[in-house]
Each structure stands twice: as structure tokens, then as C-alpha cells.
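> These protein sequence lines are chains Y and P, in that order.
What the first sequence shows, in the working numbering, is residues 1 to 178, in sequence order.
What the second sequence shows, in the working numbering, is residues 179 to 356, in sequence order.
From the three backbone atoms N, C-alpha and C, an ideal C-beta is built for every residue, glycine too.
It should be emphasised that the depicted structure is a prediction, and the values quoted were computed from it without experimental measurement.
Dropping a structure here in C-alpha cells format, bear with me for questions.
There are 2 protein chains.
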Amino acid sequence: MIQGDYEEIADMLRSHGLQVTSQRILIYDYLVHTNKHPSAQQVFEDVFESLPGISKATVYNTLETLSTHGLIQKINPQSGVTRYDGNTSVHSHLICTECHRIIDYFDDALFSMQVPETLWTGFEIKRTCVIFYGVCEECRNKMEDRGDKKGAKATRQVMPLKRNQRKVDAWLTMKVKE
Amino acid sequence: MIQGDYEEIADMLRSHGLQVTSQRILIYDYLVHTNKHPSAQQVFEDVFESLPGISKATVYNTLETLSTHGLIQKINPQSGVTRYDGNTSVHSHLICTECHRIIDYFDDALFSMQVPETLWTGFEIKRTCVIFYGVCEECRNKMEDRGDKKGAKATRQVMPLKRNQRKVDAWLTMKVKE
DNA sequence: TCACATTTTAGATTTGTTATAAAATACTAT
DNA sequence: ATAGTATTTTATAACAAATCTAAAATGTGA
């Protein structure tokens with residue numbers, strides 16, 4: 001399924017000093033036109049449809065190359081593998097901790113809070129990454145259907161302390177090599 | 179090296195419905211008192227000093243358990259392995275893309291920009307994660323010493339387009355299974 | 001079209017992390 | 001205290017994402 005303007009993609013690759021290959025064009029085009037924030041495996045499977053025989057190593061190479069040149073974005077969720085986003089405009093991500101879907105979230109105000117380019121620490125910021133973890137609407141509905149209290153997972157279960165607890169310091173000191 | 183108040187840690191574990199074990203106490207205590215945002219491997223090595231024989235599986239189990247209960251924080255950099263932070267107060271991280279060090283960055287203003295708990299998308303936010311990628315002062319100095327232009331890596335190298343480029347669409351169409 | 005540099009490829013390898021099942025330990029009730 | 005039960009720890013195996021390798025293929029500039 002050819003969907004993109006390959007001449008444009010080719011020019012963009014050249015303008016970054018990258019050689020133009022069918023693999024790069026198709027992977028980039030795929031990433032720009034999907035909103036599923038795929039993993040390398042998913043990219044491999046989907047691009048394989050249009051370019052049978054493409055190697056998984058190439059997919060990894062290409063994703064790394066495009067990412068290094070700022071043409072795509074890496075997303076590293078707290079659980080699961082690296083995902084990729086062909087949309088490099090300033091936006092943040094909502095990551096559902098239930099179904100692991102990643103949703104684009106555009107809110108300019110969020111990024112208007114400017115951090116000084118060079119902080120007091122002498123740290124020079126190149127890129128800002130904002131991720132919101134939570135539960136998507138679909139999963140919240142599923143949880144309700146199952147009888148889970150909405151957002152139960154987030155409500156910290158604080159249990160009452162038991163009486164007469166052992167003195168931990170002394171107990172632990174025995175176990176620990178000083 | 180015993181440094182913390184183990185009774186307090188024990189109570190905290192109990193209050194979350196977790197059993198009190200020496201492994202959990204020492205790992206938590208270690209994470210709270212270090213600022214190096216260690217990997218699981220580093221936690222293993224350092225805690226091994228005070229509790230020889232501790233298993234790596236336990237370190238992974240414990241880190242996962244503490245993290246699930248919100249007692250510690252997972253950090254997933256764009257390159258490299260998962261790191262852990264015993265400081266759960268609201269703050270963001272500066273990650274140096276050169277030396278991979280992680281620096282705590284406290285800026286309340288940054289998190290005062292409130293996102294509605296439930297967005298228009300129906301997504302319920304549980305936790306916000308802000309990461310700044312860039313180059314730390316030390317690495318910037320090293321780069322300068324090496325003659326690299328400061329921040330050269332970030333400056334996008336845009337090359338002039340070449341004339342007489344092949345028509346990519348036609349070329350690619352031949353390679354692609356429609 | 002030729003020559004050279006870059007990229008792709010298949011497969012092996014590495015490595016962070018998870019799964020397993022038995023032994024050890026913590027906790028509760030007696 | 002002690003015994004019984006559930007949880008946790010442990011060593012090891014298993015897994016899978018990602019990287020490395022060297023040869024083949026391809027892109028690019030002359």
C-alpha cells in the first residue's frame with residue numbers, strides 16, 4: 001500500500017545526509033501515516049507487507065538512524081518495549097497502563113512552560129519528553145464492567161498497623177554485614 | 179552500612195500490605211539514600227555489600243513490588259536499561275545523552291501546569307513523567323576540550339539538495355508489492 | 001558504467017528481564 | 001512460643017529485545 005509522497009521523503013533523507021533506500025522510505029512513510037506508535041516488531045511486520053524480505057536488523061538500523069536524525073521519536077514506556085512515533089511535532093503521550101496503548105496528546109500550554117536552555121546545573125536541554133500514565137477510557141469502562149471501582153488501582157490501600165511488631169533494627173542488624 | 183531507620187521502613191511496608199523482609203528494607207533504604215538512580219544490576223551489586231547472597235531475582239522482584247506500590251519510581255531512558263529512583267516527590271529528570279547520568283531536577287512550576295484528571299479523551303491520568311534529554315555540564319566541557327562545537331550534536335546538519343535526483347516514486351513502485 | 005562507500009541481510013550473540021519450582025521466611029492463630 | 005499457611009526468596013532456566021558480524025547488495029559520485 002503506497003500512501004506517501006516518496007519524492008518528499010527522499011529529499012528529506014538527502015537533506016540529512018542519508019542515502020535513499022526503499023527500506024528507509026517505506027519505514028518512514030509507514031510511521032508518519034500510522035497512529036499506533038508501533039514497536040520495532042510491529043514496524044517489521046507491517047512494512048514486510050509492502051516490502052517482503054526486509055530484514056529485522058534493517059528495521060532496527062533504520063529506526064535508530066531516523067531517530068538519531070530527529071526524523072522520528074522513540075518512546076520508552078515504563079513497561080514493555082520501545083515504541084516509535086513518526087510525528088515529531090511537539091506533543092506528549094498518554095500511555096494506558098492496562099492495554100499499553102499510546103495516545104497522542106497535543107497541548108501547547110504544556111510545553112509553553114519554558115525551561116531555561118541551560119539550567120543552573122549547567123545542563124543543556126535538547127529535548128523534552130512528557131508522558132502521562134493512566135487508564136484509557138476503554139479500559140476504565142472494562143474495569144467498571146468487571147466491578148472494579150473506577151481507578152481502584154490508583155487508590156493507595158493503606159492498611160492499619162499491627163500491634164506488637166518486632167523491633168526491626170535489631171533483627172536486621174543481625175542479618176547485615178556491617 | 180546501615181544508614182536508615184528500619185522501623186519506619188518496616189511500618190511503611192506494612193502499611194502497604196507488604197511483608198517485611200530484610201531484602202526489601204535494605205533495597206528501599208539504599209534507593210532512598212543514593213542519588214545515582216541505579217539500574218537493577220547496580221542495586222544488586224551495592225545491596226550485595228550489606229546482604230551477601232541476595233539474589234538478582236529478588237532485586238527485580240522487590241524493585242517491581244516497590245514500584246507498583248508507588249514507593250519508588252522507575253525511569254526508562256531512551257537508551258540504556260531501566261533505572262530506579264527512591265525519591266517519589268514530584269520532580270523531573272535530566273538525562274545526559276553522553277554519559278547517561280540522571281540528575282534530579284526540582285521545579286514546582288513545571289508540574290503546576292495541571293492537566294485535567296480526566297482529559298477530553300476520557301483518559302484518567304495517574305502519574306506524570308517529565309524527562310529532559312541533553313548534555314550535562316561535565317560532558318559539555320569534555321566536548322569543548324575535544325574541539326567539538328558546544329552543542330554541535332544538536333545542531334541539525336541540513337545538506338543542500340543535489341540536482342538531477344532520480345524519480346523515487348517510480349523507482350520504488352517497482353520494488354514494492356502493491 | 002565503474003569504483004567505492006554505505007546499507008542491507010541472515011544469523012549468531014549478548015543481555016536485561018521474566019518464569020519456575022523448591023527452599024526459606026514471615027505472619028497469624030492457637 | 002509453636003505450628004500451620006501464605007508469601008517471599010533463591011538459583012537456574014528460559015525468553016526476547018536489541019546488537020553485532022561479515023558477506024552480499026545497493027546507492028552515489030565521478
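With 9 Å as the limit, tell me which residues of the region 47-60 of chain Y have their beta carbon closer than that to any beta carbon of chain P; keep them in chain order.
Glu49, Ser50, Leu51, Pro52
> For P:Ile250, decide whether its Cβ has a neighbour in chain Y, counting only Cβ atoms nearer than 9 Å.
Here residue 250 of chain P refers to the residue found at position 72 when the second sequence is read from its first residue. No, P:Ile250 does not count as interfacial toward chain Y.
> So, helix, strand or coil for P:Glu302, using DSSP?
By 1-based counting over the second sequence, the position of residue 302 of chain P is 124. Residue state, collapsed to three classes: strand.
> Between the alpha carbons of P:Gln251 and P:Gly264, how many angstroms are there, rounded?
Here residue 251 of chain P corresponds to residue number 73 of the second sequence, with the count starting at 1. Here residue 264 of chain P corresponds to residue number 86 of the second sequence, with the count starting at 1. So the alpha carbons of these two residues sit roughly 6 Å apart.
> Check the Cβ of Y:Cys136 against every Cβ in chain P and list those closer than 9 Å, keeping chain order.
Walking along the first sequence from the start, residue 136 of chain Y turns up at place 136. Near Y:Cys136 (Cβ distances below 9 Å), the residues of chain P are Thr299, Gly300, Phe301, Glu302.
> Can you check which of these residues, Y:Ser22, Y:His16, Y:Leu13, Y:Asp104, is closest to P:Asp347 by C-alpha distance?
Reading the second sequence from its first residue, position 169 is the one you call residue 347 of chain P. For the residues Y:Ser22, Y:His16, Y:Leu13, Y:Asp104, the minimum Cα distance to P:Asp347 belongs to Y:Ser22.
> Taking the C-alpha atoms as reference points, what is the distance between Y:His100 and Y:Tyr84?
In the first sequence, the residue the question calls residue 100 of chain Y occupies position 100. In the first sequence, the residue the question calls residue 84 of chain Y occupies position 84. So the two alpha carbons sit approximately 14 Å from each other.
> Please go through the same chain and pick out, in chain order, the residues whose beta-carbon is closer than 7 Å to the beta-carbon of P:Thr240, but skip the five residues on each side of it.
Residue 240 of chain P sits at position 62 when you count from the first residue of the second sequence. If we look at P:Thr240 and ignore the five residues flanking it on each side, its Cβ neighbours are Gln201, Arg202, Ile205.
> May I ask you to report which of helix, strand or coil DSSP gives P:Lys345?
If you number the second sequence from 1, residue 345 of chain P lands on position 167. P:Lys345: coil per DSSP, three-state reduction.
> From Y:His37 to P:Gly231, what does the alpha carbon distance come to, in whole angstroms?
Start at 1 with the first residue of the first sequence, and residue 37 of chain Y comes out as number 37. Start at 1 with the first residue of the second sequence, and residue 231 of chain P comes out as number 53. Those two C-alpha atoms are separated by around 41 Å.
> Identify the contact partners of Y:Asn181 in chain P, using a Cβ-Cβ distance below 9 Å as the criterion.
The shown model of chain Y, from 1 to 178, leaves out residue 181 of chain Y, and the question about it has no answer.
> Below 8 Å on the Cβ atoms is my contact criterion, and I expect Y:Tyr60 with Y:Asp46 to pass it. Report the Cβ-Cβ distance as a whole number of Å.
Start at 1 with the first residue of the first sequence, and residue 60 of chain Y comes out as number 60. Start at 1 with the first residue of the first sequence, and residue 46 of chain Y comes out as number 46. Incorrect: roughly 15 Å between the Cβ atoms, too far for contact.
> Would you say Y:Leu161 lies against chain P (beta-carbon separation less than 9 Å)?
Counting from 1 along the first sequence, the entry for residue 161 of chain Y is found at position 161. Model confidence at Y:Leu161 stands at a pLDDT of 49, short of 50, so the residue's coordinates are unreliable; what they give is reported in the following sentence. Closer than 9 Å to some Cβ of chain P, the Cβ of Y:Leu161 qualifies, so yes.
> So, is Y:Phe106 buried or exposed, given that buried needs 16 or more other C-beta atoms within 10 angstroms?
Here residue 106 of chain Y refers to the residue found at position 106 of the first sequence. Its Cβ having fewer than 16 others within 10 Å, Y:Phe106 is exposed.
> How many angstroms separate the CA atom of P:Gly258 from the CA atom of Y:Asn76?
Your numbering for residue 258 of chain P matches position 80 in the second sequence. Your numbering for residue 76 of chain Y matches position 76 in the first sequence. In a straight line, the C-alpha of P:Gly258 is about 10 Å away from that of Y:Asn76.
> Quick check: is the beta carbon of Y:Cys99 nearer than 9 Å to any beta carbon in chain P?
Position 99 of the first sequence holds residue 99 of chain Y. At least 9 Å separates the CB of Y:Cys99 from every CB of chain P.
> With a threshold of 16 other CB atoms inside 10 Å of the CB of P:Ala287, please say whether the residue is buried or exposed.
In the second sequence, residue 287 of chain P corresponds to position 109, counting from 1. By the 16-neighbour rule on beta-carbons within 10 angstroms, P:Ala287 is exposed.
> How many whole angstroms separate the CB atoms of Y:Ser92 and Y:Ile131, which I take to be in contact at a CB cut-off of 8 Å?
The sequence position of residue 92 of chain Y within the first sequence is 92, counting from 1. The sequence position of residue 131 of chain Y within the first sequence is 131, counting from 1. About 7 Å separates the two Cβ atoms, so the contact holds.
> Using only CA atoms, which one of Y:Phe123, Y:Leu94, Y:Asp145 lies nearest to P:Val293?
Working through the second sequence from its first residue, we reach residue 293 of chain P at position 115. Ranking Y:Phe123, Y:Leu94, Y:Asp145 by Cα distance to P:Val293 puts Y:Leu94 first.
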